[in-house]
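To start, the structure under review is shown below, and the notes come after it.
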Amino acid sequence: MCKLSLLPTALLAVAMLLHGCDSDTESDGPQNFLSTSTTSFGDSSPDNLNGSLTSQWPASIMECPGTSVQTTPSLSCSQYDAIVNTIRSIYLQLDTVCTATNCPQADWAGCVLRVAGHDLMDYANGQGGSDGCLDLFDADNAGLPECLHSGHHGFSLLDAYQRHCSEISLADFIVLAAEAVITFSREYATGGTVDMDLRSNFRYGRTTAATCTFAEGRLPNPEDSCTAVEDTFVHRMGLSWRQAAALMGVHSIGRARTENSGYDGWWSDAVNSRKFNNNYYASIVGKGWMPENLGPNKNQW
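Numbers -23 to -1, 1 to 278, taken from mature numbering (1 follows the signal peptide of the UniProt record, and there is no 0), label the letters of the sequence shown in order.
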């Protein structure tokens, strides 16, 4: 019998990202793109549409055709699966081509993970975290409105959210969406085998925040490298260094783009960047890197 549990606390609201992954990885050879600094979640959206937004907050642009749920009252395993399947139907419509310059599934999944990550990383002193809120006018969130609302490679999470917004809060939905794309990306890594059970650890009950002005300046600066990891994940969120290192594994999916973050490139390579495996870590250890300056306050390897 499957039963999902109510979340007792908002802390570690995307704890599914801490699940380890130690299976074999596959390399596509010499494509060794430069990696950004350690704390910038994959900014895989190709265009920055933030300037065209009319609303600053996700709760305002993620409109529900019915009555939206602010706090998920209950969620069954079948409801969880239905939401995942809705998101999967969107994911499968993305072009499956994956080259050094074009990999829509990696880009879209990376954008979804970046939404969840940026939502999470504003947590401090019992405030913020995975509440479905981030400042879409903030330059650090450039590109995120696309997979949320306006359409990234022609598709957005809004299409899925509107089908389930009367049963799940936007805050819970974003976490669940991140789990979904991790699952799809993991299936690419295993050849279709399902070896991760994120559903059993999912907790519902997050309340969607209409605004979050308090979050300004809380996202880690990639230029601060390990200091930013320590401040954000260890000090503010209470993770161990081992957990913080595991959380950095979300960089396995997607890439950085200059027009969004000022950084550019895959953290591993194009093929592996749509697979949830450990190639991100293997690439850090096993590939040769050199520093590159992309402009004022923008340095990468």
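Even for Gly, the Cβ is constructed at its ideal location relative to N, Cα and C.
Exercise. Is it buried or exposed for residue 283, if we count other Cβ within 10 angstroms and need 16 for buried?
Worked result: Given a span of -23 to 278 for the chain in the structure shown, any question on residue 283 remains unanswerable.
Problem set entry | Nearest to Val152 (by Cα), restricted to the options Cys189, Arg180 and His126 | For the purposes of this step, residue 152 is identified with residue 175 of the sequence shown, where counting begins at 1. That would be Arg180, whose Cα lies nearest to the Cα of Val152.
Exercise. Between Met173 and Ser37, what straight-line distance do the alpha-carbon atoms span, to the nearest angstrom?
Worked result: On the sequence shown, position 196 is the one that residue 173 refers to. On the sequence shown, position 60 is the one that residue 37 refers to. If I take the Cα positions, the gap works out to 33 Å.
Exercise. Buried or exposed: where does Gly263 fall if 16 or more other Cβ atoms within 10 Å of its Cβ makes it buried?
Worked result: Working through the sequence shown from its first residue, we reach residue 263 at position 286. With fewer than 16 Cβ atoms within 10 Å of its Cβ, Gly263 is classed as exposed.
Problem set entry | Alpha carbon of Glu207 to alpha carbon of Ala137, nearest angstrom | One-based indexing of the sequence shown puts residue 207 at position 230. One-based indexing of the sequence shown puts residue 137 at position 160. The straight-line gap from Cα to Cα measures roughly 35 Å.
Problem set entry | Run of the alpha helix (DSSP H) containing Gly94, from where it starts to where it stops | Locating residue 94 in the sequence shown gives position 117, where the first residue counts as 1. Taken as a continuous stretch (DSSP letters only), the alpha helix (DSSP H) holding Gly94 covers Pro81 to Leu97.
Problem set entry | Three-state class that DSSP yields for Trp218 in the structure shown | In the sequence shown, counting from the first residue as 1, residue 218 sits at position 241. Helix.
Problem set entry | Best match in Gln33, Leu(-17), Leu(-20) and Ser(-19) for proximity to Ala187 [C-alpha to C-alpha] | The residue you call residue 187 lines up with position 210 of the sequence shown. Residue Gln33 is the option with its Cα nearest to Ala187.
Problem set entry | Cβ-Cβ distance between Ile261 and Leu90 below 8 Å | As a working mapping, residue 261 is identified with position 284 in the sequence shown. As a working mapping, residue 90 is identified with position 113 in the sequence shown. No. Outside cutoff.
Exercise. What are the partner residues of Ser260, as DSSP defines its beta bridges?
Worked result: Here residue 260 refers to the residue found at position 283 of the sequence shown. Looking at the DSSP assignment, Ser260 forms no beta bridge with any residue, so it has no partner.
Problem set entry | Three-state secondary structure (DSSP) of Thr167 | Counting from 1 along the sequence shown, the entry for residue 167 is found at position 190. DSSP places Thr167 in helix when its eight states are reduced to three.
Problem set entry | Any 3 or more C-beta pairs closer than 8 Å across the segment 148 to 166 and the segment 84 to 100 | They touch, by the three-pair rule.
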